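Beneath this line is the structure, given in structure tokens, with notes to follow.
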Amino acid sequence: MDKTLAATDDPTPRFLGLTLGLVLAAFVAMIAYWGIWFFVNREWLANSTAPSYYVFENSFPAADGWLTVGCAFAAWALYKRKASALFWLLVGGSSSIYLGLMDVLFDLENGIYLAPKGDWGAVATEVAINVYALGVGVWALWFGWRHRRWFMARG
Numbered sequence: 393m394d395k396t397l398a399a400t401d402d403p404t405p406r407f408l409g410l411t412l413g414l415v416l417a418a419f420v421a422m423i424a425y426w427g428i429w430f431f432v433n434r435e436w437l438a439n440s441t442a443p444s445y446y447v448f449e450n451s452f453p454a455a456d457g458w459l460t461v462g463c464a465f466a467a468w469a470l471y472k473r474k475a476s477a478l479f480w481l482l483v484g485g486s487s488s489i490y491l492g493l494m495d496v497l498f499d500l501e502n503g504i505y506l507a508p509k510g511d512w513g514a515v516a517t518e519v520a521i522n523v524y525a526l527g528v529g530v531w532a533l534w535f536g537w538r539h540r541r542w543f544m545a546r547g
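The sequence shown begins at 393 in this note's numbering and counts up one residue at a time.
Right, here's the structure in full:
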């Protein structure tokens, strides 16, 4: 059977649309988070007033920028049904897990989950960010790897 014909006859993987939505949401959330942090009011996002907290948060933009690039390219490649979606899902998924784990470890070691500012809403937001980062990372890796043959048939 012709490889091109086989690639177009394969049904679209289940949950491709969900995966596209998840990486797009991550992209938008990153842009919004750092836009608020640097240009609006970082106090809306800060869970601590400790100088070390600000040093820690300010060390993330480059790595989060890479994650944002990964999400953007993954979304584009998923939308276009390109083979490169596999690569970008693996890049974005692994980056998201790594950054999520760094954040969780800092939060645990520095009592962030104990609401040092007395703001349990900020803690809930932090937990949501951590769960999303880890969950979407695992999902992207699973989805990409699970459907790797489908993606590679498009290349």
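Beta carbons are placed, not taken as given, at the ideal position from N, Cα and C, and that holds for glycine. A quick note: this is a predicted structure, and the numbers were derived from the prediction, not measured.
Around R546, the same chain offers A399, R473, K474 and A475 as residues with beta carbons nearer than 7 angstroms, after the five sequence neighbours per side are excluded. Segment contact: the region 436-456 against the region 498-508, three or more CB-CB distances shorter than 8 angstroms; contact assigned. Burial state of L478 is buried, judged by a 10 Å Cβ sphere holding 16 or more other Cβ atoms.
For R541, the enclosing alpha helix (DSSP H) stretches over residues R540 to M544. Y446: member of the alpha helix (DSSP H) spanning P443 to E449, first to last residue. For L491, the closest alpha carbon among the candidates L408, G409 and M422 is that of M422.
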